[in-house]
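Peer 1: So for the sequence shown, the working numbering puts the first residue at 2; every next one is plus one. Backbone N, C-alpha and C define an ideal beta-carbon position, used for all residues, glycine too. In this text, all values refer to a predicted model and were calculated from it rather than measured experimentally. The structure follows.
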Amino acid sequence: MPLLYAWHMAVVGSVLIDGEPFAPEDASISVFDIGFQRGYGCFEAMRSYGGSIFRLEAHLERLGRSAAKLHMPEPDRETIGVWCRSVADAAGESVVRAFISGGTDAKAPGTNSRIVVFAEAVPPMPEALALQTSVAPWHTDGEWFELTGAKGLSYGFNLVASLVAVQAGFDDALLIGRRGHVLEGPTFSIGWVSDGIFHTPAIEIGILESITRRAVIDAAEGIGMTVREGIYNVEAVMDADEVVAMSTVREILPVTRIDLETYRPGVATSRLREAFTALVERELGL
Ligand SMILES: Cc1ncc(COP(=O)(O)O)c(C=O)c1O
């Protein structure tokens, strides 16, 4: 699977810019936007199951929190929600993306800011992932600061970590903090099962408040699986029985390799995947 794919090829239907529909090849915003010039802005990726967006409210809330942390004007969540629903409705099964650009005045964020919403085809997924550990010195690794947890547009460091891992023959990277803590993937959360207990790094370590991770925890607890959120050294995941990657786009994907360690997806992974699917179907009334 190519790591990067041409977005405008994958778009299903129109691209909404401030609610106005454009053909994907005609959709553009200003080169003077600080979203482009400085990576300033925020975004969300949501999953539409047959036209219904999973945990839309949680995504809109996170978008609002990201904007607040970035000192951007409060986004009109209701209107963005309407746009997200409309592209999902037209596209059906898809990934819905919403971006709020910083605008054209770095001293007054939000000036001429553009809100871009579109749906794209769910990309093909590999059966499982091979991950390469990658130290992420830019990550706060437990040191809280104002922007911790903001889903801002500045994803360059994470993207390079993915590219480097792919160049080394892996599917993606697994980010490790400066102090040796296991964090998350560049665009996914990580979890693992050891002795029947589902472990995942705690939000306090400074990882993104992943909506899939939250749903998987809910699903695991719903089937009586013990869940532990904590601060873990990389050895904890290395020594695990089963490992999974979690994200809106990937849902729950088994991890079959981290560096030289290999893992076999087993009963726990199957139970988690089944419970997650059941939770999505229940919440969306599918
Ligand atoms: C750094 C990072 N962690 C975790 C995730 C997973 O978050 P979610 O489940 O909300 O898609 C993402 C998603 O893009 C991410 O970028």
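Assess, as a yes-or-no matter, whether the segment 142–154 is touched by the segment 81–89 under the definition of 3 or more beta carbon pairs within less than 8 Å.
Peer 2: Contact between the segment 81–89 and the segment 142–154 is absent, because fewer than three Cβ pairs lie under 8 Å.
Peer 1: Where isoleucine 253 and proline 124 are concerned, what is the direct C-alpha to C-alpha distance, given to the nearest angstrom?
Peer 2: Approximately 14 Å between the Cα atoms of the pair.
Peer 1: Alanine 174 and glycine 186 look like a contact to me (Cβ under 8 Å); what is the Cβ gap, rounded to whole Å?
Peer 2: With 8 Å as the limit, alanine 174 and glycine 186 qualify as a contact, their Cβ atoms being about 6 Å apart.
Peer 1: In terms of residue numbering, what span does the alpha helix (DSSP H) encompassing threonine 213 cover?
Peer 2: Taken as a continuous stretch (DSSP letters only), the alpha helix (DSSP H) holding threonine 213 covers 212–223.
Peer 1: On the premise that isoleucine 232 lies in contact with alanine 203, defined as a C-beta separation below 8 Å, what is that separation, rounded to the nearest angstrom?
Peer 2: With 8 Å as the limit, alanine 203 and isoleucine 232 qualify as a contact, their Cβ atoms being about 6 Å apart.
Peer 1: Indicate whether alanine 107 and isoleucine 35 have their beta-carbon atoms separated by less than 9 Å.
Peer 2: Yes, the Cβ-Cβ distance between alanine 107 and isoleucine 35 is below 9 Å.
Peer 1: Locate the alpha helix (DSSP H) running through leucine 64, then write down its first and last residues.
Peer 2: Unbroken alpha helix (DSSP H) run through leucine 64: 57–70.
Peer 1: Excluding the five sequence neighbours on either side, which residues of its own chain have a C-beta within less than 6 Å of the C-beta of phenylalanine 55, listed in chain order?
Peer 2: Taken in chain order, the residues that qualify are Arg48, Val281.
Peer 1: Beta carbon of arginine 66: closer than 8 Å to some heavy atom of ligand 1?
Peer 2: No, the Cβ of arginine 66 stays beyond 8 Å of every heavy atom of ligand 1.
Peer 1: Would you grab the beta carbon distance between serine 102 and glycine 42 for me? Rounded to a whole angstrom, and I think it's under 8 Å.
Peer 2: About 5 Å; that satisfies the 8 Å criterion.
Peer 1: Starting from the N-terminal side, write out each stretch of the beta strand (DSSP E) that is 3 residues or longer and does not extend beyond the segment 84–146.
Peer 2: Entirely contained in the segment 84–146, the beta strand (DSSP E) runs reaching 3 residues are, in chain order, 95–102, 116–121, 130–136.
Peer 1: Please classify arginine 180: is it buried, with 16 or more other beta-carbons within 10 angstroms of its beta-carbon, or exposed?
Peer 2: Looking at its Cβ environment, which holds fewer than 16 other Cβ atoms inside 10 Å, arginine 180 is exposed.
Peer 1: Can you tell which of Ala59, Pro74, Val118 has the C-alpha that lies nearest to the C-alpha of alanine 99?
Peer 2: For the residues Ala59, Pro74, Val118, the minimum Cα distance to alanine 99 belongs to Val118.
Peer 1: Can you tell which of Arg115, Gly111, Ala46 has the C-alpha that lies nearest to the C-alpha of glutamate 121?
Peer 2: Closest by alpha carbon: Ala46.
Peer 1: Using beta-carbon positions only, say whether alanine 68 and glutamate 79 come within less than 9 Å of one another.
Peer 2: No, the Cβ-Cβ distance between alanine 68 and glutamate 79 is not below 9 Å.
Peer 1: Give me the Cα-Cα distance between serine 135 and alanine 162, rounded to the nearest whole angstrom.
Peer 2: C-alpha separation (whole angstroms): 7 Å.
Peer 1: Look up threonine 270 in the DSSP assignment and say whether it is helix, strand or coil.
Peer 2: It is helical.
Peer 1: For aspartate 173, does the three-state DSSP call read helix, strand or coil?
Peer 2: Here aspartate 173 sits in strand by DSSP.
Peer 1: Whole angstroms are fine: how far does the CA of glutamate 236 sit from the CA of threonine 105?
Peer 2: Using only the alpha carbons, I get a separation of about 45 Å.
Peer 1: Suppose the cutoff is 6 Å on Cβ atoms and the five residues either side in sequence are ignored; what does the same chain contact list for leucine 5 look like?
Peer 2: Low local confidence applies: a pLDDT of 46 at leucine 5 is under 50, so the model's placement there is unreliable, with the coordinate-based value given in what follows. None.
Peer 1: CB-CB under 8 Å to histidine 72, same chain, minus the five flanking residues each way: which ones, in chain order?
Peer 2: Correct list, in chain order: Pro110.
Peer 1: So, are the CB atoms of valine 245 and valine 256 less than 9 Å apart?
Peer 2: In contact: valine 245 and valine 256 (Cβ atoms closer than 9 Å).
Peer 1: For leucine 17, which residues in the same chain have their Cβ closer than 6 Å to its Cβ, ignoring the five residues on either side in sequence?
Peer 2: Around leucine 17: Trp84, Val118.
Peer 1: For the alpha helix (DSSP H) that contains arginine 39, what are its first and last residues?
Peer 2: Per DSSP, arginine 39 belongs to the alpha helix (DSSP H) from 35–39.
Peer 1: Quick one: using the 10 Å Cβ neighbour count with 16 as the cut-off for buried, is glycine 157 buried or exposed?
Peer 2: Burial call: exposed.
Peer 1: Report all residues from its chain with a CB closer than 6 Å to the CB of glutamate 213; omit the five preceding and five following residues, and keep chain order.
Peer 2: The amino acid at residue 213 is misidentified as glutamate; the sequence shows threonine. The residues are Met247, Ser248, Thr249.
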